[in-house]
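Residue numbers (the UniProt record's numbering): 1 to 226. C-beta atoms are modelled at their ideal positions from N, C-alpha and C, and glycine is treated no differently.
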């Protein structure tokens with residue numbers, strides 16, 4: 001230990017930053033610690049010998065640059081800048097999602113106006129489109145029972161999750177504004193992007209919980225599941 005020099009302390013400190021970084025779950029802190037470790041390694045490569053170790057310096061610079069780009073992408077995905085312009089007015093309805101996840105979900109959707117009486121799902125038929133009512137309401141019918149659901153509600157979410165046919169019919173009760181997702185494309189996207197899948201399923205879970213709460217308060221009978 002008596003023979004340790006300044007360069008040795010640099011490499012120990014750099015290794016320490018990497019070890020601590022790998023023990024941290026938070027992606028931002030992890031990347032910052034790895035960046036500090038990389039800078040310490042570059043410093044070490046510059047002073048360990050009479051001639052700087054340029055190949056190691058350039059290699060570490062490349063990995064550090066990639067880390068910086070990833071860090072900037074993390075900051076961007078968590079900022080309001082990630083929200084698509086056409087959906088900024090509705091983000092407050094989905095503010096339980098980070099802006100980046102919200103942006104992915106909205107880019108896969110289509111915002112449309114549909115007329116009164118437009119059928120969303122049909123009892124016994126496969127659900128081809130997942131809907132979210134932004135403005136308006138829908139009439140839900142199963143057999144002789146019917147009730148209305150208001151805006152800020154998914155329609156067709158159980159069919160999307162399970163692949164089963166709809167157990168009720170849903171039609172718009174007035175001219176409405178909807179978000180629509182093609183179910184086949186949505187499932188394909190969810191298979192490719194686990195984070196996208198988690199974001200969508202989190203929204204659907206909250207929607208289902210709210211529906212159950214409203215049903216218990218207003219309807220003693222079990223409501224139809226779409």
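Worksheet item: Of the residues 140, 38 and 164, which one's Cα is nearest the Cα of residue 174?
Response: Looking from the CA of residue 174, the closest CA among 140, 38 and 164 belongs to 140.
Worksheet item: For residue 58, does the count of other Cβ atoms within 10 angstroms reach 16, so buried, or fall short, so exposed?
Response: Exposed, because fewer than 16 other Cβ atoms sit within 10 Å of the Cβ of residue 58.
Worksheet item: Would DSSP call residue 85 helix, strand or coil?
Response: Helix.
Worksheet item: Which whole runs of the alpha helix (DSSP H) in the segment 7-73 are 4 residues long or more, in chain order?
Response: With a minimum length of 4 residues, the continuous alpha helix (DSSP H) runs that stay inside the segment 7-73 are 27-47.
Worksheet item: Relative to the alpha-carbon of residue 76, which residue among 37, 99 and 127 has its alpha-carbon at the smallest distance?
Response: Per the Cα distances, 99.
Worksheet item: Would you say residue 42 and residue 60 are within 8 Å of each other, going by their C-beta atoms?
Response: With respect to residue 60, residue 42 sits close: the two C-beta atoms are nearer than 8 Å.
Worksheet item: Assuming residue 179 and residue 132 make a contact with CB atoms under 8 Å, what is their CB distance in whole Å?
Response: Confirmed, about 4 Å.
Fill in: Pair within 8 Å by beta-carbon distance, residue 121 and residue 156
In this structure, residue 121 sits near residue 156, with a CB-CB distance shorter than 8 Å.
Practice prompt. Could you name the residues of the same chain whose beta carbon sits closer than 7 Å to that of residue 80, not counting the 5 residues immediately before and after it, in chain order?
Written response: Setting aside the 5 residues that flank it on each side, residue 80 is surrounded in the same chain by 99, each with a C-beta closer than 7 Å to its C-beta; the list follows chain order.
Worksheet item: Alpha carbon to alpha carbon, what distance is there between residue 172 and residue 227?
Response: Nothing can be reported for residue 227: it is not among the residues displayed for the chain, which extend from 1 to 226.
Worksheet item: Going by the CB atoms, is the gap between residue 203 and residue 97 shorter than 8 Å?
Response: In this structure, residue 97 places its C-beta atom within 8 Å of the C-beta atom of residue 203.
Discussion item. Can you list, in chain order, the residues of its chain with a C-beta nearer than 8 Å to that of residue 135? Leave out the 5 residues immediately preceding and following it.
Written reply: Contacts found: 151, 176 and 177.
Item to complete: Give a yes or no on whether the C-beta atoms belonging to residue 74 and residue 28 are separated by under 8 Å.
Response: Taking 8 Å as the Cβ cut-off, residue 74 and residue 28 qualify as a contacting pair.
Discussion item. As a quick exercise: from 35, 198 and 114, pick the residue whose alpha carbon is nearest that of residue 14.
Written reply: Ranking 35, 198 and 114 by Cα distance to residue 14 puts 35 first.
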